[in-house]
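Okay, structure first, notes after.
Number of protein chains: 2
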Amino acid sequence: MSVPLYQAKAEMFRTLGHPVRIRVLELLQDGPRPVRDLLAEIDVEASNLSQQLAVLRRAGIVTSFRDGALVMYALSTPDVADLLAAGRRILGAVLTDRDGLLVELRSQKSSG
Amino acid sequence: MSVPLYQAKAEMFRTLGHPVRIRVLELLQDGPRPVRDLLAEIDVEASNLSQQLAVLRRAGIVTSFRDGALVMYALSTPDVADLLAAGRRILGAVLTDRDGLLVELRSQKSSG
DNA sequence: TTCGGACTTGCAGAAATCTTCATCTGTTCC
DNA sequence: GGAACAGATGAAGATTTCTGCAAGTCCGAA
């Protein structure tokens, strides 16, 4: 194997392993959005958001295109939503009640 | 939020973001196994494997128990299998053909 | 009760990741 | 052309993660 498969998988999961990147993906589940919007919802510096978006782009998880003065981002595949959903289920199973996070989790629809 | 939910999610994904840890989880999908077996299949030093197992344990993704002289590990929830499967699907969608990994991916049942 | 196998833990240097600052490109509007 | 907004990129210091080695614990057999 040139780049072992399990290493590619690990890289993909590591790509998701950042709070800002997770939030971006959750926001993009509802459809393409301009960086502008993401920035308004995520409380992070513009340059930092750009860095995180670049990570997601390099991994092929999101795609971007320009729409006039704005740059739009979108999930490259809707399968990402499944991954996030599966993650949510595991979190529910794993957090018996650490810090009351479980309660939050249960009351959440698909964002957060 | 004490520990924001999206941060807990990010931590969970980051926990999966390591080749050895991915391999461990894939092996555990078929049922509990002793460290001994994992070590025989994963080509990593014993102490390194132990470290990675500790990471998975701390995250609550696997559990361990002693069976005589051996220590057994198991997935803490079968939902983990869903997560790995979702990851595999995304990899398939994302790797149009980088390094021919796509071919490997297609010929794989559930391990690798 | 001592030996060897099966793991785990502590630790330190090496490597990767994060965050922020400064700078740079592209677009719209005047 | 020039100002102002929307983003991206490069680089550096701080932090985190990884790896391997040395040492330690626990168990079964002799």
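Residue numbers (the UniProt record's numbering), protein chains in the order written: chain A, 1 to 112; chain B, 1 to 112.
Ideal Cβ positions, reconstructed from N, Cα and C, are used throughout, including at glycine.
Predicted, not measured: the structure shown is a model, and the values here were computed from it.
Neighbour list for residue i in chain A, Cβ cutoff strictly below 9 Å
{"i": "V44/B", "result": "Per Cβ cutoff of 9 Å: no residues; V44/B is ~12 Å from chain A at best."}
{"i": "R14/B", "result": "F13, R14, L16, G17, H18"}
Test: residue i CB closer than 9 Å to a CB of chain B
{"i": "P32/A", "result": "no"}
{"i": "L5/A", "result": "yes"}
{"i": "L53/A", "result": "no"}
{"i": "A59/A", "result": "yes"}
Neighbour list for residue i in chain B, Cβ cutoff strictly below 7 Å
{"i": "L91/A", "result": "A8, K9, M12"}
{"i": "A86/A", "result": "D79, D82, L83, A86"}
is_contact[residue i, chain A] using C-beta, thresh 9 Å
{"i": "V80/B", "result": "yes"}
{"i": "R36/B", "result": "no"}
{"i": "L49/B", "result": "no"}
{"i": "E26/B", "result": "yes"}
Burial state of residue i (16 or more Cβ within 10 Å)
{"i": "D79/A", "result": "buried"}
{"i": "R66/B", "result": "exposed"}
{"i": "G87/B", "result": "buried"}
{"i": "D51/A", "result": "Residue 51/A is actually Gln in this sequence, not Asp. Q51/A should be labelled exposed."}
{"i": "A8/B", "result": "buried"}
Candidates the options, of which the one nearest residue i by Cα
{"i": "L25/A", "options": "V55/A, L70/A, A10/A, P4/A", "result": "V55/A"}
{"i": "A81/A", "options": "T15/A, M12/A, Y6/A, L28/A", "result": "L28/A"}
{"i": "V35/B", "options": "P4/B, V62/B, V3/B, G17/B", "result": "V62/B"}
{"i": "S76/B", "options": "G92/A, S76/A, M72/A", "result": "G92/A"}
{"i": "A59/B", "options": "P4/B, R33/B, T15/B, D30/B", "result": "T15/B"}
{"i": "H18/A", "options": "N48/B, V94/B, E11/B", "result": "E11/B"}
{"i": "P4/A", "options": "Q7/B, P4/B, I22/B, R89/B", "result": "I22/B"}
{"i": "L70/B", "options": "K9/B, R33/B, L84/B", "result": "R33/B"}
{"i": "V94/A", "options": "Y73/B, R57/B, A46/B", "result": "R57/B"}
{"i": "V20/B", "options": "G31/B, D30/B, L39/B, Y6/B", "result": "L39/B"}
DSSP beta-bridge partners of residue i
{"i": "P34/B", "result": "M72/B"}
{"i": "D67/A", "result": "L70/A"}
{"i": "V62/A", "result": "L75/A"}
Interface partners of residue i on chain A, CB under 8 Å
{"i": "S76/B", "result": "A93, V94"}
Neighbour list for residue i in chain A, Cβ cutoff strictly below 7 Å
{"i": "R23/B", "result": "Y6"}
Check: residue i C-beta below 8 Å from any heavy atom of the ligand ZN
{"i": "L91/A", "result": "The ligand ZN is not part of this structure, which contains no ligands at all."}
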